[in-house]
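Chemist: The letter at position 290 of the sequence shown is residue 290 when you use UniProt numbering, and the numbering goes up by one with no holes.
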Amino acid sequence: MMRKKKRSSTTLDEDSTLDSLKSKKSRISGKASKTPVQSSNKDSVFVQFLKESGVSLTSGSTANEIAVDQVIFQKRLQQHLRKNPRFPDIIQEFISSFEVYIEEPERFRNCLLPCVPSSTSQHNNKLIINQLKWLDRIVDGKDLSTKLLQMVSVAPVEIQRDIITSLPEILEDSQHGDMAKELNVLLQQKTQLTVPVLDALSSLNLSSSLLSEVREAVMGTLSAVQLEDLPVVVKFILHSISGSDADAVVCDLRKKLELEQCVLPAVLQASQSRTKSKSSSGVPACNSGQDSVALILDVIKSAIRFQKTISEAWLKAIEKIDESEDHKVVDLLVLFILHSTNANHSRRGAERVLKVKVRMGLIQENLLQKTFKGHAQVMRGHFPSILALAQGLLRSPDCCVVPFGGHMYKLAFTSFDSYCQQEVVGSLVTHACSGVSGEVDVALELLCELGILDYMDNLTSQQIRRLFHLLSRLAFGQEQHGGHVQDDMHIVIRKQLSSTVPKYKRIGIIGAVMMVGSMGASGNKPTGSQDGTLTKETNRQVMALLELVRSCSETSPEAAALYYDEMANLLQTCKLDPVVQAWIGKSVLEDFQEDFVVDLGPNISGTFVFSASVLYNLDEDESQGGIAINLLPLMAQEKQLKTDSQAAAAKTDRRVSPLCLSPFFRLLRLCEEVQHQGDLEEIDALLGCPLVLTDMEVVEKANFDGENTDGMLSSSSIVPPKKGKKESSGRKRKASASKNSSGDKSLEEAAEAEESQQEPLEKDIEKEKEKDVKPVVSLSSYWPFFRELDVDVLRVLQCGLLSRTLLDTEMHSRLREEVQLGPAELLFLLEDMWRKLDFSLAAAPAKKAPFLKSKIDRALGFAHLQQKSAKDIATCCTELLPTLCTHLENCHNHFQALASENQGVVDVLNVDVKEQQLMSSAYQFLLQVLHTTFSWAGFSISEHRALLKRALGVLAGRLKEEETELTLDQLSRHAFEYLQNFRSTVPCLSTALCLTQLLIVLSQYGGTNHRSYREQIASLAKHFLSQEWVTVSGEKERGNKYNETLQALLGIYLEHTDDVLKAVEEIAGEGVPELINAAKDASSHSWPTLNRQTFLVYYKSMMAELERAARKIPPSKPTDKQEVQSEKLLTWNLAVRDFHILINLVKIFDSRPVLTVCLKYGRLFLESFLKLGMPLLDYSFKKHKEDVQGLLKTFQLSTRQLHHMCGHSKIRQDTGLTNHVPALKKSLEQFVYRVKAMLTLNNCQGAFWLGNLKNRDLKDSDSDERNNGQEEVEESEESD
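Next comes the structure, spelled out in structure tokens:
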């Protein structure tokens, strides 16, 4: 190009020559460079004229620099050339000088580059091509295009693409037609250039005939185009369509566009993804196929949206198909795209075409399924259109298209995410409530298929219960006529009940019981009426359904137990028809007697490993001639069935298992209560009858060598306490005081039996230690797997002192004695109550399980409890508050009397250790129950405010009775004072923490009196921390749980005290020094809970609270008054002093955990000081110079010690310590420069000097002389 310009310069006129030079220089020059360098050829005409015009040429790799605007530069250069005396010869001299200048490749490259350095390193070929774009004047355009095509034929592929894409910007309009023909030929020869050729063709100005020719050629290569190039090809075809040929082009495009081949099958996708992941880190081919399809559909959508002719052409192309085999996936996708556009004609046309095709059977369900299966990711973007089309099909009066709409709903539900699933369910519910019979039927059928058969696998029992309760109310409601729904539910439940999979059988049992509750619900009849309100047909259906559930569950003990529990829960929550209730009660009583009750005789029939005996007889006068629970024979039979596989396989009739005893007895008790208004006189003999068990006297004397005997023994020893629990629940319903006392006795025996279970097991462990037998786990860890106590059983806590009258054979009073809940029974009930409250009234959601650790189901062991609302549980607990307060006062009086009798000494010889432990645990559980109750988040709702006042009124009333109604603040204050009285008798630190936490919760309801509450809580916590805690055996409390409790209590004290900094200084400055010279096991005199074992707890709490207090100091402002600045400076002085004391303690207590705490919180405190403290020093240095210097000197000592810790950590090569070093080192360096900036700001640079800081260990001795040291700040006392 330069030679062409040189040859033609002699034939051009002056203006054209100047214009050509001007355009050339405009490309050489550009925007300014930042580092101009003078050229070595500065005396030449070229360099001189450019410099005078405003461009400085540079050497090396630095681009040229322009000092003026580009237009101004061109005008100046033109004026210099014209005004020169040697004009026009100066032009030739200027060009010759330019040719000499660019002979060096580096200068030539700089002239090609713009003045502003390029952000990316470009090759010379690209730079040359860029210079050819947008030429102001082209002498021979045809020759230029020929040369460019010659370059394309011989250049590499990358350069070919650059040249082709630049052609529309280089060529003149007259050359576009010829170049399009050449590109068309090139497209047929080299498919790898498809994208750049089509991009160039799209930008060329072509005639309609030539465009049609090119489009046909491109259409012919459609099947050979690579997948990633296909979107560009489709875009060119659609954008080159005119109104006259749109139908033909779109029809041809639809035939040749095979989207099915763009996506691999699922199996190949998975294998290819695995191969790709192993071989390289690239994107799998399956993802690229989906992306290509998405791009193709975006191109089609764009064309349809902006060109009406194309949308109409697509509709016509799809309408022309008259065979189902000819329809493709692209047809459905285009219909969805047409429906999603804003144009009404496209939306209506898509709905019309789809209905017609479905009605004629041309678009079938297999094509829809193929579309969802292969292109679900793409179709997700068109979900609103899919949902709208499905709604339209389902509402259509034409029954031929309704199933297709249902199929669209199902595929959308199974293919898309949870949001889409919710929308699908919501739309189906809308259909179900429409009132149109056909639409409702199909919607309910789909809901059953989606919600029950497929989706219910992941539902919990409670969720299944709610679902079937809702469906049963819809089907069997009094104002509904849902016969078809009833039939569907019967079919579903029968199917689930007949399944051999326990999961589905569970669903069937729950659903059937919910149906019974809806079908057998009692109508508006007077209370106590025995006349039924249901029709004979309904009674027959209810009884038949119950018989079906019973027959389907009797072969599985787990299924039978679930059926009994569900029926019992139904009786508690639903009022059944009297006829249905009577039939259920009769059948339950007969079955229980047949399965579990036997007559007592002189001998017990059966063959057992150990001799059988009759135990736990509450009716002592009826030891002969009565009845008993046949437990041991049933257990032996169950054991035999498990060991004998042939017998188990042949056993097809009803199976009686001891696992069903507790749920069956619970169901029987509730049936009797409902039928006889709480009177259990009909089963009085059953409540007190004994159990047939192994003779315990023989067991204690025997040695066990077999696995079978051990299993029988453990099973037989676990069942009796559970039976006692159930009997206690039944006994409390009796009106007679004697029955209450009997229930109390059964509960006592249950607790004693449960405690004694560990004794023989411990003996077995001692005997078998030599055999390396695994240790036996405490039964408390198996709590969730035992039978659940009903909430009503907790009312046994109200028994207290009871009169028990023993009668002789003639029903005359023989003896009268007092019975009271013992510590074991009280602890048993309180622990169960606390677990229930912790589950139902939890203040916060359960924490997520750590990674790779199994998540524990919180609902395990609370199957009955979770059917009650939190408000019901809170109300029940409020009713029990007077009783709980009585027990709490009894515990308080017990320990108070014990302390007065023994002059405050705990470890006396005549104290029952076991009783003391039980009373201490009961004390703690009482406080935990109160804490969990008042922590319920529901009390913050105005709806439950009356319940809160009622609960607080119970506590306040224990202190003093008020005739007038008190406000919430007054009730809270009285309750706080009442509980504060128990501070003197708490037996252990964990109980003290429970009391403190309970008072904190009550203080939240105290209104505006928060300061007073905080002072009292801080005083109470300090009182507990200043007390020495000793166990009943005389040893000091210790261990991990004790340390955790101590840390929590210390945190409460530091959080609620008025002056945290003063409290930290008191502990660190007074309490800790008392340990330095004391004995190893000695404690601090001022803080008895502080010793060498608990120093880490104290140290961590103090460091954490100190750092938190530093963050709470308000940030300083230049506008602050002098008093405010002085106060903040004093606060930071105290904080830095406390920090210095805590840092120096590491020299004495240099254990690894202490170092870790110091490094962690030391960095955090340093960051807070840099962020909040240093700005204050900036503003206060001039007015409080001495205070600031003293603060920095104290803080410098701490930072020096932190530096020594960093060196110590590196020497020890402890990863746990060295992980904190980099961040801490960074903060220390920031502190150095921040202090220097502060001194510079206040013109006191002389007060700053640097020195070498040696690496020392924690004892201030040189640790490594080879280290160069670190610079640190020293503030001179003689500052300006």
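Quick reminder that beta carbons are idealized off the backbone N, C-alpha and C, glycines included.
Could you name the residues of the same chain whose beta carbon sits closer than 8 angstroms to that of Ser1026, not counting the 5 residues immediately before and after it, in chain order?
Modeler: Ser1086, Trp1087, Pro1088, Thr1089
Chemist: What does DSSP give as the partner residues of Glu65 in its beta bridges?
Modeler: Partner residues in the beta bridge of Glu65, as assigned by DSSP, are Ser56.
Chemist: Could you have a look at Ser854 and say whether DSSP puts it in helix, strand or coil?
Modeler: Confidence is the limiting factor: at Ser854 the pLDDT is only 49, short of 50, which leaves the residue's position unreliable and the question unanswerable from this model.
Chemist: Within 10 angstroms of the Cβ of Gly688, are there 16 or more other Cβ atoms? Answer buried if so, exposed if not.
Modeler: Answer is buried; the Cβ neighbour count reaches 16.
Chemist: Where does the unbroken beta strand (DSSP E) through Ser613 begin, and where does it stop?
Modeler: 612 to 615
Chemist: Is Lys960 helix, strand or coil by DSSP?
Modeler: coil
Chemist: Taking a contact to mean a Cβ-Cβ separation below 7 angstroms, would you say Phe94 touches Val47 in this structure?
Modeler: For Phe94 and Val47, no; Cβs fall outside 7 angstroms.
Chemist: Using a Cβ-Cβ cut-off of 7 angstroms (strictly less than) and excluding sequence neighbours within five positions of Met514, which residues of its own chain qualify?
Modeler: Arg465, Phe468, His469, Ser472
Chemist: Would you check if the segment 877 to 895 and the segment 1010 to 1019 touch, i.e. whether three or more CB-CB distances between them fall below 8 angstroms?
Modeler: As far as the Cβ criterion goes, the segment 1010 to 1019 does not touch the segment 877 to 895, which means the pair count is below three.
Chemist: Give a yes or no on whether the C-beta atoms belonging to Leu545 and Leu631 are separated by under 7 angstroms.
Modeler: no
Chemist: Under 7 angstroms Cβ to Cβ from Val1188, same chain only, skipping five residues before and after it: list those, please.
Modeler: Leu1177, Ser1180, Phe1181, listed in sequence order.
Chemist: Under the DSSP definition of a beta bridge, which residues are partnered with Asn1091?
Modeler: Ser1083
Chemist: Should Arg82 go down as buried or exposed, given a rule of 16 or more other Cβ atoms within 10 Å for buried?
Modeler: Counting every other CB atom within 10 Å of its CB across the protein chains shown gives Arg82 a total below 16, marking it as exposed.
Chemist: If distances are taken between C-alpha atoms only, which option among Leu1164, Lys1062, Val334 comes closest to residue 1283?
Modeler: For the chain, the structure presents residues 1 to 1280; residue 1283 sits outside this window and is missing.
Chemist: Assign Gln79 to buried or exposed, taking buried as 16 or more other Cβ atoms, counted over all protein chains shown, within 10 Å of its Cβ.
Modeler: exposed
Chemist: Which residues in the same chain as Thr538 place their Cβ atom closer than 7 angstroms to its Cβ, once the five residues preceding and following it in sequence are excluded?
Modeler: Met519
Chemist: Flag this pair as yes or no: are the beta carbons of Leu230 and Ser302 separated by less than 7 angstroms?
Modeler: no
Chemist: Among the candidates Pro784, Phe785, Glu831, Gln377, whose CA atom is the shortest distance from the CA of Val793?
Modeler: Glu831
Chemist: In three-state terms, what does DSSP make of residue 1285?
Modeler: Look at the range of the chain in this structure, 1 to 1280, and you will see that residue 1285 is not part of it.
Chemist: How would you label Thr430, buried or exposed, when you count the other beta carbons within 10 angstroms and need 16 or more for buried?
Modeler: exposed
Chemist: For the beta strand (DSSP E) holding Ala628, just list the boundary residues, first then last.
Modeler: 627 to 629
Chemist: Looking only at DSSP bridge pairs, what is Val692 linked to?
Modeler: The partner list for Val692 (beta bridge, DSSP) reads Val614.
Chemist: Could you check where the alpha helix (DSSP H) with Asp1138 kicks off and where it finishes?
Modeler: 1122 to 1144
Chemist: Below 7 angstroms CB to CB, which residues in the same chain sit around Arg1163 once its five sequence neighbours on both sides are set aside?
Modeler: His1220, Ala1223, Leu1224, Ser1227
Chemist: Look up Asp298 in the DSSP assignment and say whether it is helix, strand or coil.
Modeler: helix
Chemist: State the DSSP-derived secondary structure class of Ala937, mapped to helix, strand or coil.
Modeler: In the three-state scheme derived from DSSP, where H, G and I count as helix and E and B as strand, Ala937 is classed as helix.
Chemist: Nearest CA to the CA of Gly1173: which residue from Thr1199, Gly1190, His1208, Trp1132?
Modeler: Trp1132
Chemist: Using the C-alpha atoms, what's the distance from Arg137 back to Leu198?
Modeler: 26 angstroms
Chemist: Classify Val954: buried if its beta carbon has 16 or more other beta carbons within 10 angstroms, exposed otherwise.
Modeler: buried
Chemist: Can Pro823 and Ala899 be called in contact, C-beta distance under 7 angstroms?
Modeler: no
Chemist: With three or more C-beta pairs closer than 8 angstroms as the rule, is the segment 594 to 604 touching the segment 567 to 575?
Modeler: no
Chemist: Mind checking who Lys1036 pairs with in its DSSP beta bridge?
Modeler: Partner(s): Val1030.
Chemist: Within 10 Å of its beta-carbon, does Ile1211 have 16 or more other beta-carbons around it, so buried, or fewer, so exposed?
Modeler: exposed
Chemist: Report yes if the C-beta distance between Val152 and Ile170 is below 7 angstroms; otherwise report no.
Modeler: The criterion of a C-beta distance shorter than 7 angstroms is not satisfied by Val152 and Ile170.
Chemist: From this set, Val440, Ile509, Asn1144, Thr985, which residue's C-alpha is nearest Ala475's C-alpha?
Modeler: Val440
Chemist: What is the rounded straight-line gap between the Cα of Ser166 and the Cα of His382?
Modeler: Taking the straight line from one Cα to the other gives about 37 angstroms.
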